[in-house]
Amino acid sequence: MIPRAVFLKGYSNWIEGYVHDVEGQLAAGTCEIVNLDRDISQPRRTIARQTARCACKKGQIAGTTRARPACVEASIVRSQQWCDMMPCLEDEGCDLLVNQSGWTCTQPGGRVKTTTAL
Numbered sequence: 001m002i003p004r005a006v007f008l009k010g011y012s013n014w015i016e017g018y019v020h021d022v023e024g025q026l027a028a029g030t031c032e033i034v035n036l037d038r039d040i041s042q043p044r045r046t047i048a049r050q051t052a053r054c055a056c057k058k059g060q061i062a063g064t065t066r067a068r069p070a071c072v073e074a075s076i077v078r079s080q081q082w083c084d085m086m087p088c089l090e091d092e093g094c095d096l097l098v099n100q101s102g103w104t105c106t107q108p109g110g111r112v113k114t115t116t117a118l
């Protein structure tokens, strides 16, 4: 199984969580965060860039489910129908960006998190 990486930028509250089957290798169908950079230089705005390493099964690719890195169906990523992979938390609404380069997650209080795929 060849690990695949996804590069996302935007606000993120992902928690590192992963499973290894042998030393250094991910178990099939799991992901881990390998790099997380946060930029808080702009007032009232946090920009986070993260890289995840995933060991996805055939027909899957690295993506996002419930605000965490996950293996998702490759057709979702190819078609850029990002909300189909359920990237937002349960109480958040998902909307595609106009140019389909990513998605927004809107919290009940109105706070918006924007994620773009690189």
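Here the sequence shown is numbered in UniProt numbering, starting from 1 and rising by one per residue. Even glycine gets a Cβ: it sits at the ideal position worked out from N, Cα and C. Bear in mind that the values here come from a model prediction, so they are computed numbers and not experimental data.
Residue i to residue j span [Cα, whole Å]
i    : j    : result
A117 : L89  : 18 Å
A28  : Q50  : 21 Å
A55  : C94  : 26 Å
A70  : E32  : 9 Å
P43  : K113 : 15 Å
I47  : G102 : 14 Å
K57  : A74  : 10 Å
D37  : G109 : 26 Å
Q100 : Q25  : 33 Å
R45  : D39  : 9 Å
S79  : T30  : 22 Å
Beta-carbon proximity check, residue i vs residue j, cutoff 8 Å
i   : j    : result
V34 : R53  : yes
V72 : Q81  : no
T92 : T115 : It is Glu, not Thr, that sits at residue 92 in the sequence shown. Cβ distance not < 8 Å, so E92 and T115 don't count as in contact.
M85 : T104 : no
A62 : P87  : no
L96 : C83  : yes
Identity of the residues DSSP links to residue i by a beta bridge
i   : result
D39 : I47
E32 : R53
W82 : Note: W82 sits in no beta bridge, so no partner.
L96 : W103
For residue i, the first and last residue of its enclosing beta strand (DSSP E)
i    : result
V112 : V112 to A117
A62  : Q60 to T65
V72  : R68 to E73
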